[in-house]
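This report refers to the structure that appears directly beneath it.
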Amino acid sequence: MQKFNKNMKLKITKEILRLRFNQMAINDSMNPNIIDGKGCLICSTNSYNVLISYNKPDQYEIACGLGAEGYSRRWVECSQCGFIYSLYSRNKNIFGKLYETIYKDSNSYWRKESGDELFQKIINLPDSESETKYRVKWIKDNIRQLQKSQIIDTVTSPHNLLDIGGGSGVFAYEFKDDLWSPYVVDPDARGVFMEKYGIKFIKSCYQPNLFSVKFDLVSLIYVLEHLENPKVMMHDLHDDMEQGALLYIEVPDSICFQYKDQQDDIFNSCHLWMFNPYTLSELLHKTGFELVALQRVKTVRNYYGLMVLAIRR
Ligand SMILES: [Zn+2]
Numbered sequence: 002m003q004k005f006n007k008n009m010k011l012k013i014t015k016e017i018l019r020l021r022f023n024q025m026a027i028n029d030s031m032n033p034n035i036i037d038g039k040g041c042l043i044c045s046t047n048s049y050n051v052l053i054s055y056n057k058p059d060q061y062e063i064a065c066g067l068g069a070e071g072y073s074r075r076w077v078e079c080s081q082c083g084f085i086y087s088l089y090s091r092n093k094n095i096f097g098k099l100y101e102t103i104y105k106d107s108n109s110y111w112r113k114e115s116g117d118e119l120f121q122k123i124i125n126l127p128d129s130e131s132e133t134k135y136r137v138k139w140i141k142d143n144i145r146q147l148q149k150s151q152i153i154d155t156v157t158s159p160h161n162l163l164d165i166g167g168g169s170g171v172f173a174y175e176f177k178d179d180l181w182s183p184y185v186v187d188p189d190a191r192g193v194f195m196e197k198y199g200i201k202f203i204k205s206c207y208q209p210n211l212f213s214v215k216f217d218l219v220s221l222i223y224v225l226e227h228l229e230n231p232k233v234m235m236h237d238l239h240d241d242m243e244q245g246a247l248l249y250i251e252v253p254d255s256i257c258f259q260y261k262d263q264q265d266d267i268f269n270s271c272h273l274w275m276f277n278p279y280t281l282s283e284l285l286h287k288t289g290f291e292l293v294a295l296q297r298v299k300t301v302r303n304y305y306g307l308m309v310l311a312i313r314r
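Numbering of the sequence shown is given in the working numbering, commencing with residue 2 and proceeding in unit increments.
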């Protein structure tokens, strides 16, 4: 009897949540074409072409309790600058829950293993299977090359790296060497294990001045495409970086619209923006950064990605 009551209670709570989310979605869908009334993130234009349209919530939204009633989600391309972004009926309030809990848990590192167990597994991957080792080498090779050409200054030791959202600890760990001291900020408390590997960790969403140092390099690896307003973070970063410091960004490459099926996970509801070399460079330019290196890649897991190094102006 007690069990029955408990199940019923859970069912009712779920139903209430579902109805609330649907109501929020319907309210929002009355004006779905405009992002905060400002249009395209890059050029502010309000007209676009629709690339893909979905009329049912995807697995992450369903897990969040979102129903099909009043639902719409579209990938659109700005008719002025070609920037590709997502327009969606769901209320923005459920997004934090969607990304921070359901998406991250189902998609990536954690699942059943502890942070440390999975960390061990990943750092022991052979070089040919490790996206992180490839990424670290690419960044360090480019920094060396840019310093040699005197396009960027040689940073005086110690070099501080801040990895935003790097809760797995893998990138910070692989980047650490005699020159580089890594710091990580991530809202997931499980990242605290990395302290024992010499990585300074703060459990938090990113905000400037969390650590008492300035950073020579900040990394945003598969972070920007999830942010409701990437420009805010890009501006905030200026407080943590001196002029001439480096920013590394890695995001999905919008070339996936040519090469991936519409149902591919790359187009999931947690991704809000899809950059190409031009639009990413524009975002950097508009937020006080200057692009110095760019690479389009297809990773060992068959993702198309853009890797970018930029200087803080
Ligand atoms: Zn635009």
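Just so it is clear, CB atoms sit at the ideal spot from N, CA and C, and this is done for glycine as well. Since we're looking at a predicted model, the values are computed, not measured.
Item to check | Close Cβ partners of E132 (< 8 Å) along its chain, the five nearest in sequence each way excluded | outcome: Taking the first residue of the sequence shown as 1, we reach residue 132 at position 131. Cβ neighbours of E132 beyond the five flanking positions: T300, V301, R302.
Next on the checklist: Do E243 and K201 have their beta-carbon atoms positioned less than 8 Å apart in this structure?
Outcome noted: Position 200 of the sequence shown holds residue 201. Position 242 of the sequence shown holds residue 243. Not in contact: K201 and E243 (Cβ atoms no closer than 8 Å).
Item to check | DSSP-derived helix/strand/coil call for Y49 | outcome: Position 48 of the sequence shown holds residue 49. Here Y49 sits in strand by DSSP.
Next on the checklist: In whole angstroms, give me the CA-to-CA distance for G83 and T280.
Outcome noted: Translated into positions along the sequence shown, residue 83 becomes position 82. Translated into positions along the sequence shown, residue 280 becomes position 279. Spanning the two alpha carbons is a distance of roughly 8 Å.
Next on the checklist: Report the start-end ranges of each beta strand (DSSP E) in the segment 159–223 that is 3 residues or longer and not cut off at the edges.
Outcome noted: 160–165, 181–187, 201–204, 216–222
Item to check | In DSSP terms, what F290 is bridged to | outcome: Here the question's residue 290 lines up with position 289 in the sequence shown. Partner(s): R313.
Next on the checklist: Using only Cβ atoms and a threshold of 6 Å, which residues come within that distance of a heavy atom of ligand 1? Order them by chain position.
Outcome noted: C41, I43, C44, T46, C79, Q81, C82, F84
Checklist entry - If you draw a straight line from the alpha carbon of K287 to that of L52, how long is it in whole angstroms? => result Here residue 287 refers to the residue found at position 286 of the sequence shown. Here residue 52 refers to the residue found at position 51 of the sequence shown. Spanning the two alpha carbons is a distance of roughly 26 Å.
Checklist entry - In terms of residue numbering, what span does the alpha helix (DSSP H) encompassing P231 cover? => result For the purposes of this step, residue 231 is taken as the residue at position 230 of the sequence shown. Unbroken alpha helix (DSSP H) run through P231: 231–241.
Item to check | L147 versus I312: straight-line alpha-carbon distance, rounded | outcome: For the purposes of this step, residue 147 is taken as residue 146 along the sequence shown, with counting starting at 1. For the purposes of this step, residue 312 is taken as residue 311 along the sequence shown, with counting starting at 1. Those two C-alpha atoms are separated by around 11 Å.
Item to check | Per-residue DSSP class, three states only, for I95 | outcome: The residue you call residue 95 lines up with position 94 of the sequence shown. Helix at I95.
Next on the checklist: Taking its Cβ as the centre, do 16 or more other Cβ atoms sit within 10 Å of G166, making it buried, or is it exposed?
Outcome noted: For the purposes of this step, residue 166 is taken as the residue at position 165 of the sequence shown. Buried, by the Cβ-count rule.
Checklist entry - Helix, strand or coil: how does DSSP classify P58 here? => result Mapped onto the sequence shown, residue 58 falls at position 57. Correct three-state label for P58: coil.
Next on the checklist: Is the beta carbon of Y207 closer than 8 Å to that of V252?
Outcome noted: For the purposes of this step, residue 252 is taken as residue 251 along the sequence shown, with counting starting at 1. For the purposes of this step, residue 207 is taken as residue 206 along the sequence shown, with counting starting at 1. Not closer than 8 Å, so no.
Item to check | 6 Å CB neighbourhood of P183 in its chain, flanking five on each side removed | outcome: Working through the sequence shown from its first residue, we reach residue 183 at position 182. Contacts found: L162, A173, F176, K177, I200.
Checklist entry - Which residues bound the alpha helix (DSSP H) around I85? => result One-based indexing of the sequence shown puts residue 85 at position 84. Careful: I85 lies outside any alpha helix (DSSP H), inside the beta strand (DSSP E) at 85–89.
Checklist entry - In angstroms, rounded to a whole number, what distance separates the CA positions of I124 and L238? => result Looking up residue 124 in the sequence shown gives position 123. Looking up residue 238 in the sequence shown gives position 237. Distance between the alpha carbons of I124 and L238: 28 Å.
Item to check | Cutoff 6 Å; reference N277; Cβ partners in own chain excluding five residues on either side | outcome: Indexing the sequence shown from 1 puts residue 277 at position 276. If we look at N277 and ignore the five residues flanking it on each side, its Cβ neighbours are S255.
Checklist entry - Leaving out five residues before and five after E62 in sequence, what residues of the same chain have Cβ atoms less than 6 Å from its Cβ? => result Numbered from its first residue, the sequence shown carries residue 62 at position 61. Taken in chain order, the residues that qualify are S270.
Checklist entry - Under the three-state reduction of DSSP, which class applies to A246: helix, strand or coil? => result If you number the sequence shown from 1, residue 246 lands on position 245. Strand, per DSSP.
Checklist entry - Got a sec? Which residues, its chain only, sit under 6 Å from Y55 by beta carbon, not counting five neighbours each side? => result As a working note, residue 55 is residue 54 in the sequence shown. Within the same chain, Y55 has close Cβ partners R74.
Checklist entry - Short check: CB of P231 to CB of L284, under 8 Å? => result Residue mapping note: residue 231 aligns to position 230 of the sequence shown, counting from 1. Residue mapping note: residue 284 aligns to position 283 of the sequence shown, counting from 1. Yes.
Item to check | Own chain, CB closer than 6 Å to A294, minus 5 neighbours either side, in chain order | outcome: For the purposes of this step, residue 294 is taken as residue 293 along the sequence shown, with counting starting at 1. The answer, listed in chain order, is N143, L310.
Next on the checklist: If contacts are defined as beta-carbon pairs under 8 Å, then W181 and Q296 qualify, I think. What distance do you get, rounded to the angstrom?
Outcome noted: Along the sequence shown, read from residue 1 onward, the residue named residue 181 stands at position 180. Along the sequence shown, read from residue 1 onward, the residue named residue 296 stands at position 295. About 20 Å separates the two Cβ atoms, so there is no contact after all.
Item to check | Assigned secondary structure, L307 (DSSP; H/G/I helix, E/B strand, else coil) | outcome: Here the question's residue 307 lines up with position 306 in the sequence shown. DSSP places L307 in strand when its eight states are reduced to three.
Item to check | Boundaries of the beta strand (DSSP E) in which V301 is found, first to last residue | outcome: The residue given as residue 301 occupies position 300 in the sequence shown. Note, V301: premise wrong, no beta strand (DSSP E); not H, not E.
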